[in-house]
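Let me begin by presenting the structure, written as C-alpha cells, before commenting on it.
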Amino acid sequence: MDLIKCPVCGEKYSSSYRRCPFCEEEDRPRKVSGKRRGGHHVAERKHTHSARGPLIAVLLVVLVIFSWYLFGGKFMEKIQEDRANDVENVDPAPVDPTPVDPTPVDPTPDDPAVTPDEPAPPVVEPEPETPTVDPAALTVGTNVGTTLKKDDSGRFDCTIRMSDSIQLILRGTDAAVTWSSEDTSVVTVSADGKLKPVKAGTANVTASVGGATVRCVVRINN
C-alpha cells in the first residue's frame, strides 16, 4: 500500500484518500481517540468548554462570604446605632406643668355640713332602769311556811343551822327571780332559792326581779 505524507500535519495516510484525513479530523469539533490508524498513532485532541464563567461565580460567592465575615458585625452595629439615634431624636409630647384645678362642687342641701375639728358628741349615761316590780310589795318566806321579818336596814332576816335545808321564796310577783349569794364561802343558793350552808357565819342573799332587788341576811349557826 502506498502512503502519502501530508505536507500540513506531517502524518502519512493511504493513497486511497483524496485529502489528508488527519487534517479533516482537526477541522471537526469532536475528540479523536488515540487509536492507531494505518499503523500510525493519531494524536488525541480535546475540545473542552470554557470553565471561566463558573469559576468567576464561585470566586464572587467566596468574596461575598469573606466580606460579610470581616465587616458584617460592624454593619449590623451601624444599623442598630442608627435606629437608636432615630428613637432618641423623637421628642416626647410636652407636658403642661400647670396643674388642673378640680371643678368645685357646690354642696347640695342634702349634704351634711362638715366642720373641722368637730367635737365628739357627749356620752349619755343610761338612766337607771325603772323597776317594774314594787320592792315594797315583796316579801320573803320559806318552804316551811314562815315569813321572814325585816331588820332595821330593810333586809329580811333568816337564821338556820348547818343541818337545815331551807328554800327561800319571794312572794308578791309571778316573774322569774334571780338568786345570788354575796359570800359563797358561808352559804350558797340555787336558782330556785335553796340555801346550802357551808360554814358558820353571816352572808347576804339577794333576789332580783323586774329591776327590783331584795336582800336577805342569812345567819348560819352550828
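Taking numbering that gives the first Met the number 0, I'd label the letters of the sequence shown as residues 0 to 221.
Glycine is no exception: its CB is placed at the ideal position from the N, C-alpha and C atoms.
Endpoints, the beta strand (DSSP E) within which residue i is located
{"i": "Val-185", "result": "Run containing Val-185: none; DSSP gives neither H nor E here."}
{"i": "Lys-195", "result": "194-196"}
{"i": "Arg-214", "result": "211-220"}
{"i": "Ala-202", "result": "200-208"}
{"i": "Leu-2", "result": "2-4"}
Nonlocal neighbours in the same chain, by C-beta distance under 7 Å from residue i, ignoring five residues either side
{"i": "Arg-36", "result": "For Arg-36, the predicted structure reports a pLDDT of 46, less than 50, and the residue's modelled location is therefore unreliable. The matter cannot be settled from this model."}
{"i": "Thr-158", "result": "Arg-218 and Asn-220"}
{"i": "Ala-136", "result": "Gly-171"}
Nearest-angstrom Cα separation, counted from residue j out to residue i
{"i": "Ala-174", "j": "Ile-165", "result": "21 Å"}
{"i": "Ser-66", "j": "Lys-77", "result": "16 Å"}
{"i": "Val-208", "j": "Pro-118", "result": "40 Å"}
{"i": "Ser-134", "j": "Ser-162", "result": "Checking the sequence, you will find Pro at residue 134 rather than Ser. Those two C-alpha atoms are separated by around 31 Å."}
{"i": "Arg-160", "j": "Pro-196", "result": "8 Å"}
{"i": "Pro-227", "j": "Gly-210", "result": "Here the chain comprises residues numbered 0 to 221, so residue 227 is not present and cannot be evaluated."}
{"i": "Arg-51", "j": "Lys-11", "result": "37 Å"}
{"i": "Thr-55", "j": "Val-61", "result": "Residue 55 is actually Ile in this sequence, not Thr. Rounded to the nearest angstrom, the two C-alpha atoms are 10 Å apart."}
{"i": "Leu-69", "j": "Val-57", "result": "18 Å"}
{"i": "Pro-53", "j": "Gly-72", "result": "29 Å"}
{"i": "Thr-141", "j": "Val-123", "result": "42 Å"}
{"i": "Ser-184", "j": "Ala-190", "result": "17 Å"}
{"i": "Thr-131", "j": "Pro-125", "result": "17 Å"}
With 16 other Cβ atoms within 10 Å as the buried cut-off, status of residue i
{"i": "Phe-74", "result": "exposed"}
{"i": "Trp-178", "result": "buried"}
{"i": "Gly-192", "result": "buried"}
{"i": "Val-204", "result": "buried"}
{"i": "Arg-82", "result": "exposed"}
{"i": "Arg-154", "result": "buried"}
{"i": "Val-213", "result": "buried"}
{"i": "Leu-59", "result": "exposed"}
{"i": "Val-143", "result": "exposed"}
{"i": "Val-63", "result": "exposed"}
{"i": "Val-7", "result": "exposed"}
For residue i, the three-state DSSP class (helix, strand or coil)
{"i": "Ile-165", "result": "coil"}
{"i": "Asp-156", "result": "strand"}
{"i": "Ala-135", "result": "helix"}
{"i": "Glu-17", "result": "Sequence inspection shows Arg at residue 17; the Glu mentioned does not correspond to that position. Three-state result, Arg-17: coil."}
{"i": "Gly-72", "result": "helix"}
{"i": "Ala-140", "result": "The identity of residue 140 in the sequence shown is Gly, whereas the question assumes Ala. Three-state DSSP puts Gly-140 in a strand."}
Cβ shell of residue i (< 6 Å), same chain only, five flanking positions each side left out
{"i": "Asp-150", "result": "Asp-156"}
{"i": "Asp-1", "result": "Ser-14"}
{"i": "Cys-19", "result": "Cys-5 and Tyr-12"}
{"i": "Val-176", "result": "Leu-169, Ala-206 and Val-208"}
Neighbourhood of residue i by C-beta distance below 8 Å, restricted to the same chain and skipping five residues each side
{"i": "Gly-38", "result": "Confidence in Gly-38 is poor, its pLDDT being 46 and thus under 50, which makes the residue's placement unreliable; the coordinate value appears in the next sentence. Excluding residues within five positions, none has a Cβ falling inside 8 Å."}
{"i": "His-48", "result": "Confidence in His-48 is poor, its pLDDT being 48 and thus under 50, which makes the residue's placement too unreliable to answer from."}
{"i": "Val-188", "result": "Leu-167, Trp-178, Ser-179, Ser-180, Leu-194, Lys-195 and Val-204"}
{"i": "Cys-215", "result": "Val-139, Leu-147, Arg-154, Phe-155, Asp-156, Cys-157, Leu-167, Asn-203, Val-204, Thr-205 and Ala-206"}
{"i": "Phe-21", "result": "Cys-5, Cys-8, Glu-10, Tyr-12 and Val-41"}
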